[in-house]
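Enquirer:
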Amino acid sequence: MTTMSGSDGASAAGNGGRGWFTPASDAEAAERPAPGALDATPTPQGRTGTAAAEPGPERRAEAEPQAEAAPRAEAAPDPAASPAPAASPVPAAGSAPAAGPAPAPATGPLADSELIRTSMDELERSADAATAYFYALLFVQYPHLREMFPAAMDNQRDRLFRALLTAVRLYDDGKLLGDYLANLGRGHRKYGTLPTHYPAVGECLMAAIARYAPNSWGPRTEAAWVRAYTAISQTMIDAAAEDERRAPAWWDAEIVSHELRTPEIAVLTVRPDQPYPFRAGQYTSLETPWWPRVWRHYSFASAPRPDGLLTFHVKSVPAGWVSTALVQRARPGDVLRLGPPAGSMVVDHRADSGLLCLGGGTGIAPIKALVEDVAGQGRPRPVEVFYGARTSHDLYDLETMLRLKERHRWLSVRPVVAAGAAQAAAEALAGELPDAVRRYGPWSAYDGYLSGPPGMIRTGVETLVGLGIPTHRIRHDSLDELVAQGV
Ligand SMILES: NC(=O)C1=CN([C@@H]2O[C@H](COP(=O)(O)OP(=O)(O)OC[C@H]3O[C@@H](n4cnc5c(N)ncnc54)[C@H](O)[C@@H]3O)[C@@H](O)[C@H]2O)C=CC1
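In full-length UniProt numbering, the protein residues as written are 1 to 487.
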């Protein structure tokens with residue numbers, strides 16, 4: 001992965017008209033791929049195509065717009081009628097990026113990070129309009145890119161802004177930002193995004209920021225953004241290129257079993273067309289044949305198995321295209337498409353500490369995988385699972401969890417039902433999941449693992465911290481991603 005240091009990456013406005021992504025040297029330019037897009041959800045075209053950025057994992061139970069109509073970008077302000085200020089030149093397709101540009105001079109009164117944050121703060125106030133404008137401009141200027149995106153763009157808009165916000169938030173933490181962007185780059189391989197897409201996206205992004213953050217826009221801010229965008233692109237391109245050497249851009253996976261546990265919840269088992277390496281606690285992105293280019297994230301509900309099969313728990317949510325299709329329409333024989341594994345909610349097997357696991361609803365899926373993972377290590381350590389649901393009827397995987405408990409003496413499983421004692425099964429605790437955890441303990445020697453709806457994760461983390469588990473020992477999937485998914 002490229003380190004983010006080097007050329008200034010300034011735009012035409014900022015560097016005397018050289019244009020963006022000017023190669024640092026001809027030799028490097030010859031060797032490097034051209035930049036790609038910051039946030040595309042492109043069509044899976046070429047299996048081995050290098051990629052752009054995945055805007056952070058959306059989360060599993062998606063709330064999608066109901067009407068599947070013409071692209072929503074049409075509702076955006078007409079960029080042709082009203083050109084953006086400070087429009088920068090389009091770098092030639094295939095032009096090579098600068099080598100490892102620095103994301104920010106970290107010192108000085110107006111470091112890049114400060115300029116970028118100020119403009120993001122202003123942009124955030126018009127986030128919807130800015131993202132709509134961005135996509136409208138992109139599709140007007142580069143119509144061939146339209147087919148790479150889903151027909152309805154609502155979720156896509158969120159994803160772009162979320163990716164930007166995350167990158168900006170992590171801007172001063174080189175390691176975290178690098179990991180995030182590398183993951184984004186790898187994740188975009190499945191879309192078939194090409195490095196040559198990055199300049200187009202960069203140009204339209206700058207135009208949107210210039211238009212919707214006019215008070216903070218100027219040559220210095222523009223130059224800071226160009227440096228940042230160039231660095232971001234390069235990191236993602238490098239990560240995708242590296243990934244290309246060892247993994248396919250996506251996996252086809254045939255459904256081998258489809259089990260309805262409740263009218264809304266299905267357990268799907270799939271067979272990938274080639275080995276799919278992942279770790280218990282991770283998740284993947286999944287595309288169905290019925291909604292091309294619409295990807296959703298689901299956790300693996302089992303640790304890696306010798307037969308290579310993968311299992312997912314899917315709950316259909318109102319207006320959820322993918323989830324509803326997976327629960328109500330999918331059948332054995334249907335073929336899904338999987339992106340690469342992602343996520344860091346994994347067990348450190350070098351440690352001996354106990355695991356305190358909170359699984360809310362279908363959030364129990366990765367918790368079950370973690371339990372199997374610990375069992376597979378053959379080195380017993382205490383694992384305490386609190387499994388929450390609204391009613392006892394919704395504890396769709398309780399039997400499996402109780403069977404695991406019977407097999408492993410180090411495992412405890414406590415069902416928790418939120419809807420009140422009257423509806424609780426005899427053996428279930430009543431109340432919210434985090435409250436139930438408080439009744440047991442002490443937990444300060446445990447590591448926390450949380451998976452479920454965003455509200456549960458928020459209160460769960462607060463609770464565990466209050467019970468003496470430091471934040472660095474608490475793991476969960478990104479809250480931003482859960483929230484942005486609209487769940
Ligand atoms: N399917 C999958 O692979 C995975 C799904 N998820 C997420 O898990 C969630 C599952 O949704 P549902 O099954 O509908 O769960 P749900 O909404 O029925 O809630 C399950 C549990 O969480 C508790 N809870 C909910 N909101 C809370 C709050 N604000 N404070 C404290 N406790 C709260 C409830 O009391 C209940 O015990 C979705 O958000 C999904 O994105 C997370 C990881 C994996």
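Glycine is no exception: its CB is placed at the ideal position from the N, C-alpha and C atoms.
Does the beta carbon of A301 fall short of 8 Å from some heavy atom of ligand 1?
Expert: Answer for A301: yes, Cβ within range of ligand 1.
Enquirer: Terminal residues of the continuous alpha helix (DSSP H) containing D252?
Expert: D252 -> not in any alpha helix (DSSP H); beta strand (DSSP E) instead, spanning 251 to 260.
Enquirer: Residues in the same chain with beta-carbon distance under 8 Å from T262, minus the five sequence neighbours each way, listed in chain order, please.
Expert: Same-chain partners within the cutoff: H393, D394, Y396.
Enquirer: For ligand 1, I want to know if H258 counts as a neighbour, meaning its beta carbon is within less than 8 Å of at least one of the ligand's heavy atoms.
Expert: Not so, every heavy atom of ligand 1 lies at least 8 Å from the Cβ.
Enquirer: Rank H476, D348, V416, E124 by C-alpha distance to the C-alpha of R157 and give the top, closest one.
Expert: Nearest of H476, D348, V416, E124 to R157, Cα basis: E124.
Enquirer: In the DSSP assignment, find the unbroken alpha helix (DSSP H) run with Y212 in it and report its ends.
Expert: Looking at the DSSP string, the run of the alpha helix (DSSP H) that includes Y212 is 197 to 212.
Enquirer: Given 8 Å as the limit, is there contact between the segment 233 to 248 and the segment 183 to 194, that is, 3 or more CB pairs closer than that?
Expert: Yes: the two stretches touch, three or more of their Cβ pairs being nearer than 8 Å.
Enquirer: Just verifying my parser: in three-state terms, what is the DSSP assignment at R409?
Expert: Looking at R409 - three-state DSSP - the assignment turns out to be coil, as it is neither helix nor strand.
Enquirer: Leaving out the 5 sequence neighbours to the left and right, which residues in its chain are closer than 6 Å to L450 when beta-carbon positions are compared?
Expert: So the list reads L358, I457, G460, H476, once near-sequence residues are dropped.
Enquirer: Could you check whether D172 and S216 sit closer than 9 Å to each other, using their CB atoms as the reference points?
Expert: Result no, Cβ atoms of S216 and D172 do not sit closer than 9 Å.
Enquirer: Could you check the C-alpha separation between Y191 and L145 for me, to the nearest Å?
Expert: Whole-angstrom Cα-Cα distance: 12 Å.
Enquirer: DSSP three-state call for S5: helix, strand or coil?
Expert: At S5 the pLDDT is 25, less than 50, meaning the model places this residue with poor confidence; the figure from the coordinates comes in the next sentence. Three-state DSSP puts S5 in coil, outside helix and strand.
Enquirer: Count the other CB atoms, across all protein chains shown, that sit within 10 Å of the CB of P219; report buried if there are 16 or more and exposed otherwise.
Expert: With fewer than 16 Cβ atoms within 10 Å of its Cβ, P219 is classed as exposed.
Enquirer: How many angstroms separate the CA atom of R379 from the CA atom of V346?
Expert: Approximately 16 Å between the Cα atoms of the pair.
Enquirer: Hey, is M456 close to ligand 1, as in C-beta under 8 Å from one of its heavy atoms?
Expert: Because some heavy atom of ligand 1 lies under 8 Å away, the Cβ of M456 counts as near it: yes.
Enquirer: In three-state DSSP terms, what is S119?
Expert: Reduced to three states, the DSSP call for S119 is helix.
Enquirer: Residues in its own chain within less than 6 Å of residue 494 by CB, not counting five upstream and five downstream?
Expert: The requested residue 494 is not part of the displayed model; the chain covers only 1 to 487.
Enquirer: Measuring straight from C-alpha to C-alpha, what distance separates V256 and T362?
Expert: If you take the alpha carbons of V256 and T362, they lie about 20 Å apart.
Enquirer: Kindly indicate the opening and closing residues of the alpha helix (DSSP H) around R458.
Expert: Taken as a continuous stretch (DSSP letters only), the alpha helix (DSSP H) holding R458 covers 454 to 466.
Enquirer: Please determine if the segment 322 to 340 and the segment 282 to 289 are in contact, where contact requires at least 3 C-beta pairs separated by less than 8 Å.
Expert: Short answer: they touch.
Enquirer: Could you name the residues that DSSP lists as bridge partners for W295?
Expert: DSSP lists E287 as partners of W295.
Enquirer: Closer than 8 Å to a non-hydrogen atom of ligand 1 - does that hold for the CB of L194?
Expert: Result no, Cβ not under 8 Å from ligand 1.
Enquirer: How many angstroms separate the CA atom of I469 from the CA atom of E222?
Expert: Each residue's alpha carbon lies about 43 Å from the other.
Enquirer: Sort T235, I237, R305, A301 by Cα distance to P277 and report the nearest one.
Expert: Of the listed residues, the one whose Cα sits closest to P277 is R305.
Enquirer: Between the alpha carbons of R439 and L170, how many angstroms are there, rounded?
Expert: Going by the C-alpha atoms only, they are around 36 Å apart.
Enquirer: Would L137 and A224 be called neighbours here (beta carbons separated by less than 9 Å)?
Expert: Not closer than 9 Å, so no.
Enquirer: So what's A167 in DSSP terms, helix, strand or just coil?
Expert: A167 falls in the helix class under three-state DSSP.
Enquirer: Along the chain, where does the beta strand (DSSP E) that runs through P272 open and close?
Expert: Element bounds for P272: 265 to 272.
Enquirer: Spell out the partners DSSP gives P415 in its beta bridges.
Expert: Bridge partners of P415: Y387.
Enquirer: With DSSP as the reference, please indicate the residues paired to S451 in a beta bridge.
Expert: In DSSP, S451 forms a bridge with G359.
Enquirer: Where L177 and M236 are concerned, what is the direct C-alpha to C-alpha distance, given to the nearest angstrom?
Expert: Roughly 11 Å between the two C-alpha positions.
Enquirer: Starting from V317, trace the beta strand (DSSP E) in both directions and tell me its first and last residue.
Expert: Unbroken run through V317: none, as it is neither H nor E.
Enquirer: Shorter than 8 Å, the distance from the beta carbon of S451 to the closest heavy atom of ligand 1, or not?
Expert: Result yes, Cβ under 8 Å from ligand 1.
Enquirer: Can you tell me whether Q234 is buried or exposed? The criterion is at least 16 other CB atoms within 10 Å of its CB, across all chains shown.
Expert: So Q234 ends up on the buried side.
Enquirer: Assign L164 to buried or exposed, taking buried as 16 or more other Cβ atoms, counted over all protein chains shown, within 10 Å of its Cβ.
Expert: The residue in question, L164, is buried, as its Cβ has 16 or more Cβ neighbours within 10 Å.
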